[in-house]
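Protein chains: 4
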Amino acid sequence: MNSFGRLFRVTIFGESHGPCVGVLVDGCPAGLPLDPSDFASDLARRMSGLPGTTARRETDTPSIMSGLFEARTTGAPLAILFENRDVDSNAYEPFRKTPRPGQADLVAFQKFGGFNDHRGGGTFSGRLTAGLVAAGVIAKRLIRPILAEATLVEAGGSTDVEDAVGEAVKAHDSIGGIVECRARGVPVGLGEPFFNSAESLLSHLVFSIPGIKGIEFGAGFGGSRMRGSAYNDIIVSTEGKTETNNAGGINGGITNGNELFFRVAVRPTASIAQNQLTIDLNTGLRGEVMAAGRHDACFALRVPVIVEAACAVVLADLMLLEQKIPRVLEVKEWT
Amino acid sequence: MNSFGRLFRVTIFGESHGPCVGVLVDGCPAGLPLDPSDFASDLARRMSGLPGTTARRETDTPSIMSGLFEARTTGAPLAILFENRDVDSNAYEPFRKTPRPGQADLVAFQKFGGFNDHRGGGTFSGRLTAGLVAAGVIAKRLIRPILAEATLVEAGGSTDVEDAVGEAVKAHDSIGGIVECRARGVPVGLGEPFFNSAESLLSHLVFSIPGIKGIEFGAGFGGSRMRGSAYNDIIVSTEGKTETNNAGGINGGITNGNELFFRVAVRPTASIAQNQLTIDLNTGLRGEVMAAGRHDACFALRVPVIVEAACAVVLADLMLLEQKIPRVLEVKEWT
Amino acid sequence: MNSFGRLFRVTIFGESHGPCVGVLVDGCPAGLPLDPSDFASDLARRMSGLPGTTARRETDTPSIMSGLFEARTTGAPLAILFENRDVDSNAYEPFRKTPRPGQADLVAFQKFGGFNDHRGGGTFSGRLTAGLVAAGVIAKRLIRPILAEATLVEAGGSTDVEDAVGEAVKAHDSIGGIVECRARGVPVGLGEPFFNSAESLLSHLVFSIPGIKGIEFGAGFGGSRMRGSAYNDIIVSTEGKTETNNAGGINGGITNGNELFFRVAVRPTASIAQNQLTIDLNTGLRGEVMAAGRHDACFALRVPVIVEAACAVVLADLMLLEQKIPRVLEVKEWT
Amino acid sequence: MNSFGRLFRVTIFGESHGPCVGVLVDGCPAGLPLDPSDFASDLARRMSGLPGTTARRETDTPSIMSGLFEARTTGAPLAILFENRDVDSNAYEPFRKTPRPGQADLVAFQKFGGFNDHRGGGTFSGRLTAGLVAAGVIAKRLIRPILAEATLVEAGGSTDVEDAVGEAVKAHDSIGGIVECRARGVPVGLGEPFFNSAESLLSHLVFSIPGIKGIEFGAGFGGSRMRGSAYNDIIVSTEGKTETNNAGGINGGITNGNELFFRVAVRPTASIAQNQLTIDLNTGLRGEVMAAGRHDACFALRVPVIVEAACAVVLADLMLLEQKIPRVLEVKEWT
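Protein chains in written order, with the working numbering: chain A, 289 to 623; chain B, 289 to 623; chain C, 289 to 623; chain D, 289 to 623.
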């Protein structure tokens, strides 16, 4: 199922080269001021354009098809569409029989019996994250004044991100990176003791972003090498403020009011401008494939705003659950 | 909500010092042979007993209260209880006003308005993982011949686990560790492109285990520092077998038929036999607390079997979804 | 799946002649005062004992296994068990090959491949409604001061219920009946426009009660024969009070603040003390079966308290969703 | 939430006078042949046009935005839109302060704090059933050769439907009716013993259709007046065929292989071409309102195809759950 969330429920749909990609946001409280222009800044961050990102150019103008009336959310589901225009599907034809390594070409064929839309990666395309970013824009407004902020802190193993990307482009190769996300002002008490721990929900949604292969909260993997006496965050106020934040703002699966902090590992872009070995599915012989198409040398550059969206969506859902966001944001008089 | 899974649905309940902990498994196909003794081996692995694990001794004999008839599952929900016997709640009284650092004492109080059962950590206790392990025993049978195997490969930063635990005990301190999990024979096609990617579901359930703070699939964080040309796993058969396995057996969120592989970071045990600073909730003054009770110096020792259970539960759920496990395992003649 | 509810989530389990039947209530707010004795009155109404009801005698004492501490709900799941004691399974052996008409004997065998627990109807038994009634007791407390009240208004087509039951017993036959349920003080705004309309949710849960074959809201089937000018309930206050209540308190799937009112059709008890024709599953020949066991001549007598429970559970779930019930009912000071 | 179904999941959205209404169908197996023209016949049945139905004229041409490739479903979500063109919103302005009796005008305002789109009933409009009908078209193909057929058997209390509608139109009034639905060839074993009984799921979805106020299965309310000896359906074959069908094809919540049969009560259209009393929300004084707009004198005429859709959606979902429909309908060779 392509849905996430219990009360603030996000569903994405569409294919890279179909008529559109889109998102349905169900459970958004009524009365939230919202304008198509509110999406521009986050969508621009996700969009291509930087060196090291794909040459595909989409305007990414959201069409809000429902759930909005007189510039406010109505409480009914919001359907938001992004038309696909800059589409060139021919480049993808060869991958139906010579699947690209590191891509979903082969598993998509196998899972859907060959009926998947292979063009541009179809429903596996990173383009579907436009919908998640749009949902994130709405979620970010709901959780105000909490601010979820993510940045790319490392690319190809280097903290000089620009430099690392430049070298990868030169080498006709690709790199990955590490994204850090922080949210301040998160209330105490979000998350459930076991199956819906804050870590469970955040990781669930973050791992829905294509290319994410790791996540750690607070001290994370490094923390597994510390002693308890050093790792434990000493509580310094009755509200629960701690001296250190090795737990990343979560104890026992529940937010503790300190900064929420996690790091995400993004693998290198699978498509590279080199011939790569693969198998010819017709003949069973080994052969080469070149991922022509238009791709990012480092799609990790585009990931931070998507991680922020994931973080905001989880927080909005949990805050609705804990009744920290009302179901109706204001109430109108009879008019 | 304390439930996980779409078709194979697991719900855990109970408190550390209440009458019992337990699990409800809904959606298990009918006709699976099952006997209380089948749980013994995995429960023993989870149980205390090793040096570095708690002195609490529970027999952990499962009482199967429903869903089993004539030694086979009936298709109705299985309710399984574990009585709590070796309970000593007095040690926990002080933590109601001087919360232990690194524990859920304070967030539990805040989230549940002070009505939480604080004794032995209440519903936050690692003891509830007995239920998850029991669900795992059932799931493991369903996914046969797939084998999910997890091991502790590192404790306190050292691969000599025994040694590291010994030193921690000597120092009245605690350590964490890293657990690796592998599953061979996983069919192609489990997981969904976005919100229910295989990584999303596995991480969701793994992060429900208390004390887990990181997860990575395949090359994980290390992979974020590789170039695409080295990271991409070259496909060598039409079924999708690859030369390397940097993706950990998952492409585009879908299992690709190679070994499923992930690593999990376990933080050091929060309770240590040292005085630690904290805040007195009555006075607002800083003070000390010692986590008396009975605890593990390295509860990571007990985590592998729980991670296996989580892995098996996710696989069972996804295999039911993909109709790779039937709803009735055999059919009886009229008798 | 044996669960219902989005925020106040009820799961029932157990078999008629297994060790117990039970219920798991997840999502109950913390801080609700609750004592095992609180269940006595509603469970007594559900229990056998009246003329026209089964001779099976169970004490129906609830064992609360989790989620309760110091006489208050903790916010963790409540597991409640009812031991089965007065069990006589031999009477049910013949029905494995000569299924009783009107019962689930045959479909249970077919659905679960013969692995179902057939004794006393197994998981299809009306005995499982004990768990629903117990959940209803909790829900009723949560929705206070709203009162859901159901009564049997007709049995075997007669309003003289006692008389009708007596005649059915005399005739070694069984009868059904009609139950009316009313709830006053329901807030405006519960339910969703389409798939989770108030009628959808109420009917969903009411039809989970064994033997229910019809439901109508307000004027119901009779209303389908009225003209709109007579049917429409005229609004007489700005809060939405109406002159008549043909809509049964629900407009467009949303409660409108007037009395919630619906009627439920209960079929006659399937088991009767007469020989009935059926098929012998071994031979394929027609034969007779007599539903020995112990049964109600009119189990509709026991249905009102179960319908009340269903109504209260739906209202509690919707009121939590609309934030009309808080997640924590009170807040304790540090103690 | 505006979603229904566990594996075949339908979400509807849109407003009567917004840019479109639509439906998202998630979980449809891959490989189903589908063409926009396949929707024409059912949508025509739902559409206006008959005497006694609204003058609003929409072409109801479905735009399939995703999930379809090379004339087959891909396994990804299908988003289907219906543009709104023939819109005249002015007529609805008065109802913001003088709510129409029998409509959702007032509850919509109250539930959504006044931010609801009131035009044409907004998200409460019967126009949203276009999406349900479209989902039904897909579901009907999946459940083949099972045929769900519904007909209006009574209007305004008369079996001469045409006549009854004519009289209502003449009287500037409206009528309701009764719809019967039958499905032959339903496999044994659909539904769950309790909370997801076949009756629970069917009634849940049927009551999401605006204006439905009652449902009964098999003998229904009439059956509650029969004796058990007459009501019980005698089994005449080892497969479970019965002589009579008072149970409507469902025992113990599980389909028994006989004809599925239920009846639905449709209330008279709320909007009538007469002045009706109501309250002025500004002044609190009583006043009159005339539901101008364009409406059906008997919208029950349009209900049968929607009930069929509801029935087919439930059956498709349950058949996927029981693995009676595969996840991929055919498998392509590598091409």
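We put the CB at the ideal spot given by N, CA and C, even for glycine.
| Check | Outcome |
| --- | --- |
| Does the distance from the CB of C/G572 to the CB of D/T530 come in under 8 angstroms? | no |
| Do B/F357 and A/G540 have their CB atoms nearer than 8 angstroms? | no |
| Grouping DSSP H, G and I as helix and E and B as strand, with all else coil, what is A/T386? | coil |
| Note down, in chain order, every chain D residue with its Cβ under 9 angstroms from the Cβ of B/P321. | Per Cβ cutoff of 9 angstroms: no residues; B/P321 is ~21 angstroms from chain D at best. |
| What does C/P498 reach in chain A if we use C-beta pairs closer than 8 angstroms? | Under the 8 angstroms cutoff, chain A gives no residues; its nearest Cβ is about 30 angstroms from C/P498. |
| Mind listing the chain C neighbours of D/Y519? Cutoff is C-beta to C-beta under 7 angstroms, in chain order. | G390, R555 and P556 |
| List the residues of chain D whose Cβ lies closer than 7 angstroms to the Cβ of A/L569, in chain order. | W622 |
| Tell me which residues share the same chain as B/I567 and place their Cβ nearer than 8 angstroms to its Cβ, disregarding the 5 neighbours each side in the sequence. | T386, P387, L573, R574 and G575 |
| For a contact defined as C-beta to C-beta under 9 angstroms, what are the partners of B/G302 on chain C? | M353, S354, G355, A364, P365 and A367 |
| From B/I542 to A/F550, what does the alpha carbon distance come to, in whole angstroms? | 24 angstroms |
| Identify whether B/L320 lies in helix, strand or coil by the three-state DSSP scheme. | coil |
| Looking at chain A, which residues of the region 609-621 of chain C have a Cβ within less than 8 angstroms of any of its Cβ atoms? | L609, E610, Q611, P614 and R615 |
| Tell me which residues of the region 451-471 of chain B have at least one Cβ-Cβ distance to chain A shorter than 8 angstroms, keeping chain order. | A456, A459, D461, S462, I463, G464, G465 and I466 |
| Could you please give me the residues that DSSP links to D/F301 through a beta bridge? | D/G310 |
| For a test of the three-state rule: what should DSSP assign to C/N378, helix, strand or coil? | helix |
| Express the C-alpha separation of D/D405 and C/I523 in angstroms, rounding to a whole number. | 21 angstroms |
| Determine the DSSP secondary structure at A/C599, reduced to helix, strand or coil. | helix |
| Where A/V591 and D/G410 are concerned, what is the direct C-alpha to C-alpha distance, given to the nearest angstrom? | 37 angstroms |
| Cβ of C/L606 less than 8 angstroms from any chain B Cβ? | no |
| Distance check for B/A456 and D/R294, CA to CA, integer angstroms please. | 49 angstroms |
| In this structure, what does DSSP give as the bridge partners for D/L366? | D/V313 |
| Please list the partners that B/C586 has in chain C, where partner means a Cβ-to-Cβ separation under 7 angstroms. | Under the 7 angstroms cutoff, chain C gives no residues; its nearest Cβ is about 27 angstroms from B/C586. |
| Nearest CA to the CA of C/T447: which residue from C/F587, C/R429 and C/I466? | C/I466 |
| Measuring alpha carbon to alpha carbon, tell me which of D/G536, D/V453, D/C308 and D/K612 ends up nearest D/G511. | D/G536 |
| Among residues of its own chain, excluding the 5 on either side of D/V616, which ones have a beta-carbon nearer than 8 angstroms to its beta-carbon? | P317, A318, G319 and G363 |
| Does any C-beta atom of chain A lie closer than 8 angstroms to the C-beta of B/M289? | yes |
| If I follow the unbroken alpha helix (DSSP H) through B/F509, where does it start and stop? | G508 to G511 |
| Counting beta carbon pairs with one atom in the region 550-563 of chain C and one in the region 363-375 of chain C, are three or more of them shorter than 8 angstroms? | no |
| Along the chain, where does the alpha helix (DSSP H) containing B/L420 start, and where does it finish? | T417 to L430 |
| If we define contact as Cβ-Cβ less than 8 angstroms, is A/R513 a contact residue for chain B? | yes |
| For D/V309, which option in D/F483, D/P339 and D/T347 has the closest C-alpha, if you only look at C-alpha atoms? | D/T347 |
| Pop quiz: C/I538 and C/F505 are said to be a contact at Cβ under 8 angstroms. What is the actual Cβ separation, rounded to whole angstroms? | 6 angstroms |
| Take the Cβ of B/G401 as the centre, count every other Cβ of all protein chains shown within 10 Å, and call the residue buried at 16 or more, exposed below. | buried |
| Hey, does C/P307 have any beta-carbon neighbour from chain G nearer than 8 angstroms? | The question asks about chain G, but that chain is absent: this structure's protein chains are A, B, C and D. |
| Taking 8 angstroms as the CB-CB limit, is A/K428 close to chain B? | no |
| Tell me where the beta strand (DSSP E) around B/F505 begins and ends. | I500 to F505 |
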